[in-house]
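Asker:
Number of protein chains: 2
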Amino acid sequence: MNDRVRHVEKITLKHGAGGRAMRTLIEEIFLNGVPTDDHDCIGLQAMDDGAAIRVGDRWLVLTTDSHVVQPPFFPGGDIGRLAVAGTVNDLAMMGATEVLALACGVILEEGFNRDDLVRVQKSMAETSREAGARIVTGDTKVMGRGELDGIVINTTGVAFTDSVVRDCSLRPGDVIVITGTIGDHGLAVMAERHGLQLAGELCSDVAPINALVRAALVAGAGGVVAMKDPTRGGLASALHEMAAKSGVGVVLEELKVPLTAAVRAAAELLGIDPLQVANEGKAVLGVRAEAVEAVLAALRSHPLGRAAAAVGVAVDERPGSVILDTGFGKRLLSEVEGEPLPRIC
Amino acid sequence: MNDRVRHVEKITLKHGAGGRAMRTLIEEIFLNGVPTDDHDCIGLQAMDDGAAIRVGDRWLVLTTDSHVVQPPFFPGGDIGRLAVAGTVNDLAMMGATEVLALACGVILEEGFNRDDLVRVQKSMAETSREAGARIVTGDTKVMGRGELDGIVINTTGVAFTDSVVRDCSLRPGDVIVITGTIGDHGLAVMAERHGLQLAGELCSDVAPINALVRAALVAGAGGVVAMKDPTRGGLASALHEMAAKSGVGVVLEELKVPLTAAVRAAAELLGIDPLQVANEGKAVLGVRAEAVEAVLAALRSHPLGRAAAAVGVAVDERPGSVILDTGFGKRLLSEVEGEPLPRIC
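Protein sequence lines correspond, in order, to chains A and B. Residues 20 to 364 in my numbering are what the first sequence lists, from first letter to last. Residues 20 to 364 in my numbering are what the second sequence lists, from first letter to last.
#1: Specify the secondary structure class of residue 117/B as computed by DSSP and reduced to three states.
#2: How do the region 75-87 of chain A and the region 109-117 of chain A stand: do at least 3 beta-carbon pairs fall below 8 Å, yes or no?
#3: Less than 8 Å between the C-beta atoms of residue 146/A and residue 99/A, yes or no?
#4: Alpha carbon to alpha carbon, how far is residue 214/B from residue 103/B?
#5: Starting from residue 88/A, trace the beta strand (DSSP E) in both directions and tell me its first and last residue.
#6: Which same chain residues, not among the five before or five after residue 237/B, have their C-beta less than 8 Å away from its C-beta?
#7: Following the continuous alpha helix (DSSP H) through residue 158/A, name the residue where it begins and the one where it ends.
#8: Alpha carbon to alpha carbon, how far is residue 136/A from residue 59/A? Give it in angstroms, no decimals.
#9: Under DSSP, the alpha helix (DSSP H) around residue 112/B begins and ends at which residues?
#10: Let me make sure I understand the geometry here. Which of 44/B, 140/B, 245/B and 328/B has the alpha-carbon closest to that of residue 97/B?
#11: Would you list, in chain order, the members of the region 186-199 of chain B that have their beta-carbon closer than 7 Å to a beta-carbon of chain A?
#12: Leaving aside the five residues before and after residue 107/A along the sequence, list all residues of the same chain whose C-beta is less than 7 Å from its C-beta, in chain order.
#13: Assign residue 263/B to one of three DSSP states: helix, strand, or coil.
#14: Does the structure place the region 44-57 of chain B close enough to the region 44-53 of chain A that three or more beta carbon pairs sit under 8 Å?
#15: Sorted by chain position, which residues of the same chain lie with C-beta nearer than 8 Å to residue 36/A's C-beta, five sequence neighbours on each side aside?
#16: For residue 249/B, count neighbouring Cβ atoms within 10 angstroms of its own Cβ and tell me buried if that reaches 16, exposed if not.
#17: What are the uninterrupted segments assigned as alpha helix (DSSP H) that are 4 or more residues long and contained completely in the region 234-283 of chain B, given in chain order?
#18: Tell me which residues share the same chain as residue 210/A and place their Cβ nearer than 7 Å to its Cβ, disregarding the 5 neighbours each side in the sequence.
#19: When the distance is taken between beta carbons, is residue 278/B closer than 8 Å to residue 202/B?
#20: For residue 222/B, decide whether its Cβ has a neighbour in chain A, counting only Cβ atoms nearer than 8 Å.
#21: Provide the residue span of the alpha helix (DSSP H) that contains residue 146/A, from first to last.
#22: Do three or more CB pairs link the region 180-191 of chain B to the region 260-272 of chain B at distances below 8 Å?
#23: What residue from 312/A, 364/A and 161/A has the CA that sits closest to residue 208/A's CA?
#24: What whole-angstrom Cβ distance do residue 268/B and residue 337/B have, given they're in contact under 8 Å?
#25: For residue 120/A, return the contacting residues in chain B, with the cut-off set at a CB-CB distance below 7 Å.
#26: Residue 62/A touches chain B at which residues, Cβ-Cβ below 9 Å?
#27: Just the chain B side, please: which residues come within less than 7 Å of residue 85/A by C-beta, in chain order?
#28: Three or more C-beta pairs under 8 Å: does that hold for the region 167-176 of chain A against the region 65-74 of chain B?
#29: State buried or exposed for residue 85/A, treating a residue as buried only when at least 16 other CB atoms are found within 10 Å of its CB.
#30: In chain order, what residues of the same chain have a beta carbon less than 6 Å from the beta carbon of residue 295/B, not counting five sequence neighbours either side?
#31: What's the gap between the Cα of residue 109/B and the Cα of residue 66/B?
#32: Would you check if the distance between the CB atom of residue 314/B and the CB atom of residue 242/B is smaller than 8 Å?
#33: At the level of alpha carbons, what is the spacing between residue 9/A and residue 181/A?
#34: Return the CA-CA distance between residue 352/A and residue 39/B, expressed in angstroms with no decimal places.
#35: Show which residues of chain B have a CB atom less than 8 Å away from the CB atom of residue 360/A.
#36: Would you mind giving the Cβ-Cβ distance between residue 105/A and residue 224/A, rounded to the nearest angstrom? I have them listed as a contact below 8 Å.
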């Protein structure tokens, strides 16, 4: 008889929360036995916002995301808008700002209200139009009562681009630009879920930003060299990943990071760092110094980029680290395990 | 005060079961406000196994499926193999038998065993190799305990093809070919779920059949004019859909439909019609009469097509109907609302 109790490792919520725990899980499990990336395929190993496969003289970009947000309706959006915007934005982060097609898999809990489904579908159709995208194929599954909490939507997108923008191409001297305020999405969902008084002031930023990104790429004329959307894990996770993959340090100037008054108040009240909270209509850009002015001007002239700001710089010290300059001093911004609350996207 | 109780319509299990109820839901809800198909896009309206978009002189085929099978491990396969094979086969059903790339979204319940996830991932990697496919991008989400039953995997596939095969192109006189025995997958899952004695003999047919389909297309030299995989709702649903979309009747000769002894016994015991049970490694082909011999020979010379058989014919009577010839007489095979058991795929 074996009297040792075998330790069975279990998946925990942090494995899905966009931080270090999730990345480790993916590296340890999902990268096993899959073909390695090569010069014709930016694939799983790259762990970028999507994959890119060379097709003739272009790249086909492919990206997928499951959306499990709870509640499915929140101030500023709903799971349908999120499902379309999330995938459109991941394509854009790879440099593919014109969406060829979207595929959409919906899973419903038995007993889900038909009216709510109609509302979600309408939101998906509207957001698709807004993004110049089209849902061309789908799948519907229903799980029993109690087997699924409400509704889950997976959205996959495909798009062509002539040149791919990676999240690993920062060089010392590149300027870090954020396209607007941060923390809005995650805090709006948290407030809604917990019925906080602040809910009325907080509003998710969920939006397709492919046109905004296109404007920046055009204005930058090759000067936008790295992109990532700060979703799960927030700006902190996005910068950590960009810094680590690029082999540079990133100095983030905290006082320059745009925040709405509502987010600032909610974050203080809840004791949550907005740098670690998910955004769904923002991008982090790495921009060559000489292109920054043009890129900022292009962003700010777009309705979704009014609050765009240069918030930091890539440096050659402490590669892989994010150095937070608080205005009073500098400290290392530690990488979080994950988002403070699960199911925010 | 309004004392009328408003009737709130709810989603039921049959809305995900692959039959008439599901098709109606998709038509009534998901087709609203989406762009109509045109000569450059076979999209949502077509409700085919996938979408096809013209890119230059080729077609890009895109298809997505969420997999919610319960239990995730069953005789003959598991949810990982199913997730890859299901999507590879949907691409093949559109005529795209060489997979460019797969995207994979995994959703886990908190507490899911890490070892089981490793097993599922290994199965996905192996099945991908078998299909000549590669998973290039993915997404991982975790839902709380009780918010999801175990594991769900969405898989999306992209592939190019020079010519698309539709499910709506049957003409009277075309022969209906099935690539092997039917009912194996659904009955194996049912037996496993309910702990039936028969479980040992039943075995899912889940397999990627793109190479088998390619052999048939090549041998048919243009003579394979329609394809559909008989998954949810089984052979009955697939034939109903092909007949309705093509505007023909289909006569199905029941005695010619290949069945294993185990499926026959289990179906009789459970009072289930194997024609209505899901398959995950089979295709229904509509073949011009002059090409049937060559197509059957090609199928039967492939390990996954040994039991291929001509089982019916398209006729110009009763368009949209399936006429079952039992060997003792003919009757209309009514379209089912859905699969007898949910979550078989």
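Cβ atoms here follow ideal geometry from the backbone N, Cα and C, with glycine treated the same way. Just so we're clear, the structure is a prediction, and the values are computed from it rather than from any experiment.
Answerer: With the given structure in hand:
#1: For the purposes of this step, residue 117/B is identified with residue 98 of the second sequence, where counting begins at 1. Under the three-state reduction of DSSP output, residue 117/B falls in the coil class, being neither helix nor strand.
#2: In the pairwise beta carbon analysis, the region 75-87 of chain A is classified as touching the region 109-117 of chain A: at least three pairs are separated by under 8 Å.
#3: Within the first sequence, numbered from 1, the residue matching residue 146/A stands at position 127. Within the first sequence, numbered from 1, the residue matching residue 99/A stands at position 80. Yes.
#4: Mapped onto the second sequence, residue 214/B falls at position 195. Mapped onto the second sequence, residue 103/B falls at position 84. Roughly 26 Å separates the two Cα atoms.
#5: Against the first sequence, residue 88/A aligns to sequence position 69. Counting along the chain, residue 88/A sits inside no beta strand (DSSP E), nor does DSSP assign it H or E at all.
#6: Here residue 237/B is taken as the residue at index 218 of the second sequence, counted from 1. 317, listed in sequence order.
#7: Counted from its first residue, the first sequence places residue 158/A at position 139. Where residue 158/A is concerned, there is no enclosing alpha helix (DSSP H), although the beta strand (DSSP E) it sits in stretches over 154-162.
#8: Along the first sequence, one-based indexing puts residue 59/A at 40. Along the first sequence, one-based indexing puts residue 136/A at 117. The alpha-carbon atoms of residue 59/A and residue 136/A are separated by roughly 40 Å.
#9: For this step, residue 112/B is matched to residue 93 along the second sequence. Segment 98-112, the alpha helix (DSSP H) holding residue 112/B.
#10: Mapped onto the second sequence, residue 97/B falls at position 78. Comparing Cα positions, the closest option is 140/B.
#11: none
#12: Working through the first sequence from its first residue, we reach residue 107/A at position 88. Closer than 7 Å at Cβ, skipping near neighbours: 118, 150, 152, 176, 227 and 229.
#13: In the second sequence, the residue the question calls residue 263/B occupies position 244. The answer is helix: DSSP assigns residue 263/B an H, G or I state.
#14: no
#15: Reading the first sequence from its first residue, position 17 is the one you call residue 36/A. Taken in chain order, the residues that qualify are 251, 252, 356, 357, 358 and 361.
#16: In the second sequence, counting from the first residue as 1, residue 249/B sits at position 230. Buried: at least 16 other Cβ atoms inside 10 Å.
#17: 253-265
#18: In the first sequence, counting from the first residue as 1, residue 210/A sits at position 191. Taken in chain order, the residues that qualify are 217, 218, 221 and 285.
#19: Position 183 of the second sequence, counting from 1, holds the residue named residue 202/B. Position 259 of the second sequence, counting from 1, holds the residue named residue 278/B. Contact: yes.
#20: Your numbering for residue 222/B matches position 203 in the second sequence. Residue 222/B does not count as touching chain A.
#21: On the first sequence, position 127 is the one that residue 146/A refers to. Annotation: the continuous alpha helix (DSSP H) that includes residue 146/A extends over 133-150.
#22: Between the region 180-191 of chain B and the region 260-272 of chain B there are three or more inter-stretch CB-CB distances shorter than 8 Å, so the stretches are counted as touching.
#23: Against the first sequence, residue 208/A aligns to sequence position 189. Checking every option, the nearest Cα to that of residue 208/A belongs to 364/A.
#24: The residue given as residue 268/B occupies position 249 in the second sequence. The residue given as residue 337/B occupies position 318 in the second sequence. Yes, residue 268/B and residue 337/B are in contact; Cβ-Cβ is about 4 Å, under 8 Å.
#25: As a first step, residue 120/A must be located in the first sequence, where it is residue number 101. Those are 70, 72 and 81, listed as they occur along chain B.
#26: Taking the first residue of the first sequence as 1, we reach residue 62/A at position 43. What residue 62/A touches in chain B: 120, 153, 154, 155 and 156.
#27: Numbered from 1 along the first sequence, position 66 holds the residue referred to as residue 85/A. Within chain B, the residues near residue 85/A are 124, 126, 158, 160 and 173.
#28: no
#29: To locate residue 85/A, count along the first sequence from 1; it is residue 66. Its Cβ being crowded by 16 or more others within 10 Å, residue 85/A is buried.
#30: Here residue 295/B refers to the residue found at position 276 of the second sequence. If we look at residue 295/B and ignore the five residues flanking it on each side, its Cβ neighbours are 253, 255 and 355.
#31: Counting from 1 along the second sequence, the entry for residue 109/B is found at position 90. Counting from 1 along the second sequence, the entry for residue 66/B is found at position 47. The straight-line gap from Cα to Cα measures roughly 12 Å.
#32: Here residue 314/B corresponds to residue number 295 of the second sequence, with the count starting at 1. Here residue 242/B corresponds to residue number 223 of the second sequence, with the count starting at 1. Result yes, Cβ atoms of residue 314/B and residue 242/B sit closer than 8 Å.
#33: Outside the displayed range of chain A (20 to 364) lies residue 9/A, so it cannot be described from this structure.
#34: In the first sequence, counting from the first residue as 1, residue 352/A sits at position 333. In the second sequence, counting from the first residue as 1, residue 39/B sits at position 20. Their Cα atoms are separated by approximately 55 Å.
#35: Counting from one through the first sequence, the residue named residue 360/A turns up at place 341. The premise fails here: residue 360/A is roughly 11 Å from chain B at the closest Cβ pair, so nothing lies under 8 Å.
#36: Taking the first sequence and counting its residues from 1, the one referred to as residue 105/A is at position 86. Taking the first sequence and counting its residues from 1, the one referred to as residue 224/A is at position 205. Taking C-beta atoms under 8 Å as the contact rule, residue 105/A and residue 224/A fail to qualify, at a distance of about 12 Å.
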